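K.L.:
Numbering (our numbering), first residue to last: 41 to 221. Encoded as structure tokens, here's the structure I'll be asking about.
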Amino acid sequence: SNDVQADLKHVLYTREEIQQRINELAEQIDADYQGRDILLVGVLKGAVMVMADLARALNSHITMDWMAVSSYGSGTQSSGVVRILKDLETDLMGKHVLIAEDIIDSGLTLSWLKANLLSRGPASVEICTLLRKPEAAKVEIDVKYVGYDIPNEFVVGYGLDFAEKYRNLDFIGTLAPHVYE
Ligand code: PRP
Ligand code: MN
Ligand code: MG
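And the structure:
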């Protein structure tokens with residue numbers, strides 16, 4: 041069938057819940073940065089929705105830039121070796137960088153990315169992720185802003201894909217097993 045709803049098991053977070061949580065994170069970020077300009081770095085493609093909503097919820101002056109990375113690995117397992125597919129256009133020297141992500145799973149993408157950005161001379165690099173899975177605890181990485189800690193389930197929507205689909209859902213849901221089995 042071509043019906044997206046039929047592929048879903050249940051809704052984890054509604055659009056309203058996500059909106060509310062992002063507003064709370066934005067309030068916290070505005071307070072922490074105290075009027076400093078922020079460079080938001082979105083990690084393509086999953087972070088597009090978080091970037092769009094977080095950027096609009098912030099009162100601080102922000103600029104936006106994007107990176108695309110791909111992690112090498114056998115099959116679905118991330119190896120931690122990351123290749124840059126699209127780099128930033130912004131010089132990070134002296135900038136306050138805030139990475140926006142949809143999800144931290146193994147944590148390998150972000151631990152590599154944070155180290156990479158830190159090597160470019162920014163004033164600071166922090167991370168804001170909407171979702172975080174338990175696996176991420178195995179990696180030494182300081183994540184300042186987390187929307188929700190979630191169990192180890194296959195989630196889609198609000199930027200998150202399965203085989204590039206479901207990114208356009210305005211909520212976060214779990215996938216019915218028949219889709220991926
Ligand atoms: C997903 C997700 C995070 C990353 C998290 O991106 O959007 O960027 O994986 O995984 P990790 O913590 O195990 O490294 P993906 O590589 O699927 O690309 P996408 O954003 O284009 O979907
Ligand atoms: Mn991603
Ligand atoms: Mg993906």
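Beta carbons: idealized from backbone N, C-alpha and C, even for Gly. Being a predicted model, the structure only gives us computed values, none of them experimental.
Cβ of residue 87 versus every heavy atom of the ligand MN: is any distance shorter than 7 Å?
P.N.:
yes
K.L.:
What number of angstroms, rounded off, separates the C-alpha of residue 194 from the C-alpha of residue 215?
P.N.:
6 Å
K.L.:
Starting from residue 110 and walking both ways along the beta strand (DSSP E), at which residues does that stretch end?
P.N.:
102–111
K.L.:
First and last residue of the beta strand (DSSP E) that includes residue 5?
P.N.:
Residue coverage of the chain in this structure runs from 41 to 221, which leaves residue 5 outside it and unanswerable.
K.L.:
Where does residue 61 sit, in a helix, a strand or coil, going by DSSP?
P.N.:
helix
K.L.:
Flag residue 201 as yes when its Cβ comes closer than 7 Å to any non-hydrogen atom of the ligand MG, and as no otherwise.
P.N.:
yes
K.L.:
Suppose the cutoff is 6 Å on Cβ atoms and the five residues either side in sequence are ignored; what does the same chain contact list for residue 154 look like?
P.N.:
165
K.L.:
Entirely within the region 140–195 and at least 4 residues each: give me those alpha helix (DSSP H) ranges in chain order.
P.N.:
148–158
K.L.:
For residue 78 and residue 67, what's the separation of their Cα atoms in angstroms?
P.N.:
14 Å
K.L.:
If you follow the beta strand (DSSP E) that residue 48 is part of, which residue opens it and which one closes it?
P.N.:
48–53
K.L.:
Just tell me which of 168, 159, 174 has its CA closest to the CA of residue 134.
P.N.:
159
K.L.:
If you measure from the CB of residue 83, is any heavy atom of the ligand SAH nearer than 7 Å?
P.N.:
Among the ligands in the structure shown, the ligand SAH does not appear; only the ligand PRP, the ligand MN and the ligand MG can be found there.
K.L.:
So what's residue 207 in DSSP terms, helix, strand or just coil?
P.N.:
coil
K.L.:
Taking the beta strand (DSSP E) that residue 79 belongs to, which residues open and close that run?
P.N.:
78–84
K.L.:
Alpha carbon to alpha carbon, what distance is there between residue 218 and residue 70?
P.N.:
43 Å
K.L.:
Is the closest heavy atom of the ligand PRP to the C-beta of residue 144 under 7 Å?
P.N.:
yes
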